[in-house]
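A short write-up of the structure that comes next.
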Amino acid sequence: MRLKGKKVLSLVHHDFEDLELWYPILRLREEGAIVELVGEKAGETYIGKYGVPAEADYAFGDVNAGGYDAILVPGGWAPDKLRRFPEVIEMVQHMEKNKKPIGQICHAGWVLVSAKILDGKKVTSTPGIKDDMENAGAKWIDEPVVVDGHLVSSRRPPDLPDYMREFVAVLEKK
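Quick note, the sequence shown lines up with residues 4 to 177 if you use our numbering.
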């Protein structure tokens with residue numbers, strides 16, 4: 004149980020990429036981490052792109068990011084919704100300021116763009132938002148996973164094993 008006692012926020016909203024939400028959550032729980040889903044409304048069930056549900060444990064406004072060791076942002080179309088919430092932007096900025104692990108995959112980079120934390124960072128994402136990432140000041144690299152300090156980014160579902168291997172390693176060191 005490499006991550007026993009670690010607490011992780013996992014953001015959720017409708018149209019998340021099912022595997023990009025659930026695979027990281029289950030992988031972290033296997034390692035002993037406590038992973039809590041945070042959405043617009045506590046208790047609301049959000050539905051993924053392929054119909055898999057996820058119920059939010061807490062609402063964005065009810066969470067103090069200072070009580071967590073890391074944050075995960077799933078891909079799919081949810082990031083375009085997530086980045087519209089000031090509380091989400093504040094959570095990501097808190098993690099950045101305190102150098103706590105931030106995991107983002109696929110379109111999740113949109114949230115980091117809106118949080119204005121990518122200037123000078125090495126990242127990857129789905130190629131569809133490469134321009135957005137670069138326009139935010141990031142150096143985009145076409146690799147399954149890119150680690151830049153506490154920021155761990157990945158491209159798409161087939162890269163999930165690489166993504167989570169690196170995310171677990173980064174979180175374990177914190």
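For each residue, glycine too, the CB sits at the ideal point set by N, CA and C.
Judged by DSSP secondary structure, residue 57 falls outside any alpha helix (DSSP H) and instead within the beta strand (DSSP E) spanning 56-58.
Per DSSP, the continuous alpha helix (DSSP H) segment holding residue 117 begins and ends at 112-117.
Where residue 49 is concerned, the enclosing beta strand (DSSP E) starts and stops at 48-50. Sorting 85, 66, 78 by C-alpha distance to the C-alpha of residue 20 places 78 at the top. Nearest in C-alpha terms to residue 26, of all of 170, 174, 169, 163, is 163. Counting only the Cα atoms, residue 117 lies some 6 angstroms from residue 86.
With fewer than 16 neighbouring CB atoms inside 10 Å of its own CB, residue 161 falls in the exposed class.
The C-alpha of residue 138 is placed about 32 angstroms away from the C-alpha of residue 31. When secondary structure is reduced to three states using DSSP, residue 151 falls in the strand class. Note that the C-beta distance between residue 148 and residue 165 is below 8 angstroms. When 124, 8, 108, 14 are compared, the shortest CA-CA separation from residue 102 is found for 124.
By the CB criterion at 8 angstroms, residue 129 and residue 110 fall inside the cutoff.
Taking the CA atoms as reference points, residue 80 sits about 11 angstroms from residue 23. Judged by beta-carbon spacing, residue 36 lies within the 8 angstroms limit of residue 11, meaning their Cβ atoms are closer than that value.
For residue 92, the enclosing alpha helix (DSSP H) begins and ends at 89-100. For the options 134, 28, 105, the alpha carbon positioned closest to that of residue 177 is the one of 105. Within the same chain, 19, 21 come within 6 angstroms of residue 51 by CB-CB distance, once the 5 residues on both sides are set aside. Residue 166 sits in a helix when the DSSP states are folded into three classes.
Contact between residue 49 and residue 97 is ruled out by a C-beta separation of about 22 angstroms, above the 8 angstroms threshold.
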